[in-house]
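There are 2 protein chains.
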Amino acid sequence: MERLHELLERIIQRVNVNLREPLFDVGPYVRGLVPWQQLVKFYAFYGITPYHPLDFHFSRANLSGSYFLGRCHVTDAILYKSDIRGDELKRSGEIFKYEGFEIPLTEDETIRIKDSYLIKTLVHNNSHDPETPEEFIIQNTVSTHYANIHGSDVEGCFLGPFSTVDLTALHDCVIGNFVYAQVGELSHRQLPAGTVWVRNGNHFDFTYHHSPDVLQRYIRFDSGKPPEGIFMDFVEGRKEDFQRIFDVVNLESFPNVPEGASVNRYAVIKPKTQFNKNVLVAQRAYIENSWMGIGANAQENCYILHSRLSGYNVTAHGAKIIHADLGEKVFVGFNSFLQGTPDHRLTIGANSIVMPHTIIDLSEPVTIPEEHLVWGLIRTQDDVADHSVPLAELASVEGPFQRGGMRFAGNGRLFVEGFQHRIEHILEANGAYFDGSSQHGHAQQSQNISFNLIQPYPEGALKGLFPTIDIHP
Amino acid sequence: MERLHELLERIIQRVNVNLREPLFDVGPYVRGLVPWQQLVKFYAFYGITPYHPLDFHFSRANLSGSYFLGRCHVTDAILYKSDIRGDELKRSGEIFKYEGFEIPLTEDETIRIKDSYLIKTLVHNNSHDPETPEEFIIQNTVSTHYANIHGSDVEGCFLGPFSTVDLTALHDCVIGNFVYAQVGELSHRQLPAGTVWVRNGNHFDFTYHHSPDVLQRYIRFDSGKPPEGIFMDFVEGRKEDFQRIFDVVNLESFPNVPEGASVNRYAVIKPKTQFNKNVLVAQRAYIENSWMGIGANAQENCYILHSRLSGYNVTAHGAKIIHADLGEKVFVGFNSFLQGTPDHRLTIGANSIVMPHTIIDLSEPVTIPEEHLVWGLIRTQDDVADHSVPLAELASVEGPFQRGGMRFAGNGRLFVEGFQHRIEHILEANGAYFDGSSQHGHAQQSQNISFNLIQPYPEGALKGLFPTIDIHP
């Protein structure tokens with residue numbers, strides 16, 4: 000196993016070289032974070048379909064428990080139970096628009112992961128960096144449990160647990176626990192834990208900061224220990240259910256998957272769940288006793304329990320929805336934690352937008368009206384007033400706007416319309432509007448996928464490393 | 000699935016081009032022989048260990064249910080539930096001795112399979128063709144159920160069900176059902192079903208022919224139908240037991256595997272079986288209620304039921320042993336079928352050699368003494384006299400010798416010593432003599448192996464073909 004030890008130290012050094020400014024040593028956080036025996040225990044797997052260009056390259060890497068779809072090259076990296084989902088990579092022949100530029104693409108985009116250590120991380124979407132439009136690059140980077148790297152090239156970064164970087168090119172940054180950053184570009188910055196920050200050039204700027212005691216309860220991460228708190232307890236408590244589906248090669252399909260829908264065989268589906276047409280359930284999603292309306296989706300690391308999603312709902316990567324009733328087109332952002340109880344249900348009206356990294360953890364029944372934007376921490380009906388705004392009201396804002404701990408500056412209409420436009424785009428990409436013959440999306444293109452299982456060297460100096468593997472059409 | 004159809008027709012044409020002389024059309028035998036849905040249903044798998052040089056290349060191929068170990072390239076071929084076991088390939092730096100030549104090898108040997116269709120075929124050992132010592136070539140060839148291609152380059156051949164070609168380079172030959180040929184080299188020949196033929200240059204020549212009515216009962220093969228008879232009924236009747244072990248990714252290890260032994264996780268092990276140290280059980284072996292003594296082995300497609308193997312027993316690929324007691328170092332050759340019953344047990348004394356393709360199917364208890372050579376068909380104790388000879392007696396033969404349907408010519412001592420030497424070599428290669436630190440063999444080197452599962456395109460024109468895959472260290 001010597002090579003695997005050397006690989007980890009190599010990665011730590013590469014990241015630390017990048018993080019001289021801000022000065023940050025990732026070593027104490029990641030050494031021992033995943034026990035060595037875990038890194039050699041799990042197979043990796045990749046999907047093959049006729050719809051996704053095929054070009055896998057893996058070398059000098061440990062890929063334990065990780066999943067790959069679409070063009071992806073991994074070298075000198077450790078990927079532990081991570082999802083590298085390249086089903087939204089750009090294609091040769093497309094035009095990539097970035098501000099004034101129209102950049103023609105002459106090859107299919109590839110995800111390139113190098114000198115990095117990703118733990119239970121989701122990688123999805125495509126590169127939004129106009130400098131490398133055909134490469135979605137993750138390099139010299141450590142990311143920890145349930146981080147989302149979404150449409151974001153990251154170089155020389157540390158991502159704390161449950162953090163999300165979204166449509167943002169990051170260079171030499173330290174992203175704290177549960178940070179959500181969608182800010183275009185960021186260099187040599189350290190974002191404190193609990194920051195929720197959306198910025199679009201000079202158009203608008205949205206910020207909210209979860210308080211230290213909220214972070215202490217829900218997600219804390221000290222060096223030398225794994226992440227702790229309610230978020231970790233929640234997912235760890237349901238780990239066993241995933242064991243069975245990973246142990247079996249060809250699982251019986253979930254019965255009665257309706258037309259246009261796809262339920263990934265690496266998702267956990269528990270009793271009394273009903274799917275409607277065009278539903279998309281990704282690998283590592285967990286659905287129990289829930290009703291998912293037409294075109295609703297559940298992405299990687301989503302948990303939907305005892306809930307009803309009326310239809311066209313987007314549940315972004317890592318979001319949890321428990322004992323809740325969601326109207327049509329309710330959007331629940333990355334890593335949000337929405338927890339009602341049997342006696343204190345959560346109701347969210349149609350077309351409302353739950354900001355990424357929102358915590359709704361109820362001690363009484365709560366209703367959020369339709370067409371609202373919601374953020375922060377909500378426990379009671381009274382909390383709603385300070386943590387939401389009607390979309391129409393926000394759209395009328397020009398200049399600074401403040402509500403509770405939320406600060407907004409710039410053009411409210413651009414913010415609201417940008418969000419709504421993005422939700423429509425996600426629904427289209429997921430295939431929520433598939434009509435039986437046109438408007439295909441992920442749900443339809445994932446219906447018939449074959450999975451391939453690869454394993455590391457079982458013994459010797461190379462133990463834990465995977466052989467070099469190249470896969471082409 | 001268009002490409003897969005085209006591939007089969009391409010292979011048929013290539014084989015037929017080779018078989019102009021003898022004129023033979025493989026098409027009617029292989030079209031429809033394996034239903035298309037079977038060819039797209041099963042995953043293929045390959046093993047990775049630190050002991051076997053790693054170099055897999057698969058392209059334009061269907062590999063459904065097949066297994067690979069060691070360096071192997073497969074292109075434009077269909078391999079259905081076949082075992083390509085390259086754990087005896089020659090290594091760079093070795094000297095390959097062939098008659099007067101000492102040929103230095105400058106690269107690791109590779110199995111190359113091209114334009115061929117192998118059905119439930121075993122490929123093992125290494126090339127004995129001095130013209131291509133670094134390549135074990137199978138090209139323009141069709142082989143059918145339970146054929147063994149053992150140390151034999153084959154080009155332009157058709158191999159009938161349960162046939163074995165052993166240490167023989169074959170060009171443009173038709174090998175009938177249940178033929179065993181170990182003859183060095185053979186070109187443009189058609190060997191009738193049931194032939195058992197061992198020839199070593201001018202040194203010796205052993206022949207036996209199973210009668211047409213024996214072939215009719217045990218293994219017949221007509222074009223347009225799958226093979227039929229007692230052999231097929233026997234294996235088909237136990238097919239279900241293999242289903243479970245192929246369905247699970249990581250099977251619980253068989254408990255109490257003793258030191259130095261290995262039991263492949265793709266073998267079926269049924270209750271009341273006991274293994275002793277240095278036992279080797281290969282994938283697709285089936286063991287039930289049996290005792291396997293020190294260093295005993297069971298190769299691919301072996302079935303050992305209700306039997307006791309005293310130790311250092313070699314059970315060659317495809318041999319079946321039912322209700323039998325075998326003394327030490329009893330050798331049971333390829334595809335032999337030894338069937339006692341609870342009331343009519345078979346007993347074979349130590350050091351006896353059961354020739355490949357021998358049928359012992361008892362209607363009364365039968366004992367074969369120690370140090371005998373056995374062949375042909377034995378049903379009763381009386382049959383033994385005409386179908387066996389003491390090894391010492393055979394070793395004294397110079398010139399022609401005949402017993403029952405067996406004809407021998409040449410030097411008996413060379414034949415007996417050659418056989419004994421080969422058995423010792425097999426035991427060594429299998430690791431039967433491992434003493435805890437030295438004399439490693441397959442049993443020890445297969446103890447810790449990781450399996451990788453690959454699947455074909457699930458849809459579209461490429462359905463059933465596997466993507467191009469390259470695997471290196």
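Chains A and B supply the protein sequences, listed in that same order. For the first sequence, numbering that gives the first Met the number 0 assigns the number 0 to the initial residue and increments by one for each residue that follows. For the second sequence, numbering that gives the first Met the number 0 assigns the number 0 to the initial residue and increments by one for each residue that follows. All C-beta atoms, glycine included, are put in the ideal place defined by N, C-alpha and C. Source: prediction; values computed, not measured.
With 16 other Cβ atoms within 10 Å as the buried cut-off, status of residue i
i: H51 of chain B; result: buried
i: L53 of chain B; result: buried
i: I468 of chain A; result: buried
i: R19 of chain B; result: exposed
i: A384 of chain B; result: exposed
i: D360 of chain A; result: buried
i: T131 of chain A; result: exposed
i: V262 of chain A; result: buried
i: H4 of chain B; result: exposed
C-beta contact flag for residue i and residue j at 8 Å
i: G159 of chain B; j: F100 of chain B; result: no
i: I10 of chain A; j: I83 of chain A; result: no
i: F203 of chain B; j: N15 of chain B; result: no
i: E144 of chain A; j: T109 of chain A; result: The displayed chain sequence assigns His, not Glu, to residue 144 of chain A. No.
i: F157 of chain B; j: V178 of chain B; result: no
i: T366 of chain B; j: G332 of chain B; result: no
i: P355 of chain A; j: A323 of chain A; result: no
i: P27 of chain B; j: S335 of chain B; result: no
i: R283 of chain B; j: A260 of chain B; result: no
i: L117 of chain A; j: R59 of chain A; result: no
i: N17 of chain A; j: G175 of chain A; result: no
i: G150 of chain A; j: D165 of chain A; result: yes
Length of the line joining the Cα atoms of residue i and residue j
i: Y456 of chain A; j: P225 of chain B; result: 39 Å
i: M291 of chain A; j: F44 of chain A; result: 27 Å
i: E184 of chain A; j: T206 of chain A; result: 16 Å
i: P379 of chain B; j: R216 of chain B; result: Note that residue 379 of chain B corresponds to Thr in the displayed sequence, not to Pro. Going from the Cα of T379 of chain B to the Cα of R216 of chain B covers about 17 Å.
i: P254 of chain A; j: G459 of chain B; result: 24 Å
i: I511 of chain A; j: W374 of chain A; result: Because residue 511 of chain A is not part of the residues shown, which for chain A are 0 to 472, the question remains open.
i: S126 of chain A; j: E98 of chain A; result: 15 Å
i: L62 of chain B; j: K80 of chain B; result: 8 Å
i: F414 of chain A; j: N312 of chain A; result: 20 Å
i: K462 of chain B; j: H441 of chain A; result: 20 Å
i: D39 of chain A; j: A180 of chain B; result: This sequence places Val at residue 39 of chain A; Asp is not what is there. About 45 Å.
i: Q242 of chain B; j: G64 of chain B; result: 11 Å
i: N124 of chain A; j: F67 of chain A; result: 13 Å
Segment limits, beta strand (DSSP E) that includes residue i
i: F205 of chain B; result: 203 to 208
i: S213 of chain B; result: The sequence given here places Val at residue 213 of chain B; Ser does not occur at that position. From DSSP, V213 of chain B is part of no beta strand (DSSP E) but of the alpha helix (DSSP H) over 211 to 217.
i: E20 of chain B; result: Unbroken run through E20 of chain B: none, as it is neither H nor E.
i: I347 of chain B; result: 345 to 347
i: W196 of chain B; result: 194 to 199
i: E392 of chain B; result: Here E392 of chain B belongs to no beta strand (DSSP E); instead the alpha helix (DSSP H) covers 390 to 394.
i: L304 of chain A; result: 302 to 304
i: L38 of chain B; result: No beta strand (DSSP E) contains L38 of chain B, which is instead part of the alpha helix (DSSP H) from 35 to 38.
Range covered by the alpha helix (DSSP H) that runs through residue i
i: H429 of chain B; result: Before going further, note that residue 429 of chain B is Asn rather than His in the sequence given. Segment 411 to 429, the alpha helix (DSSP H) holding N429 of chain B.
i: D381 of chain B; result: 380 to 385
i: I244 of chain B; result: 238 to 246
i: D232 of chain B; result: 229 to 235
i: P27 of chain A; result: 26 to 29
i: A323 of chain B; result: Careful: A323 of chain B lies outside any alpha helix (DSSP H), inside the beta strand (DSSP E) at 323 to 325.
i: H441 of chain B; result: 441 to 444
Closest residue to residue i among the options (Cα-Cα distance)
i: G69 of chain B; options: B:V122, B:G375, B:G193; result: B:V122
i: R237 of chain A; options: A:L304, A:I218, A:N139; result: A:L304
i: N249 of chain A; options: A:F23, A:N451, A:L464; result: A:N451
i: N275 of chain B; options: B:N296, B:R283, B:Y265; result: B:N296
i: H187 of chain A; options: A:L426, A:A168, A:E397; result: A:A168
i: T194 of chain B; options: B:Y432, B:G398, B:S162, B:V153; result: B:S162
i: D382 of chain B; options: B:M0, B:L345, B:D86; result: B:L345
i: P211 of chain B; options: B:E106, B:L376, B:W35; result: B:L376
i: S306 of chain A; options: A:G200, A:I229, A:Y285; result: A:Y285
i: P103 of chain A; options: A:E1, A:D114, A:K113, A:R90; result: A:R90
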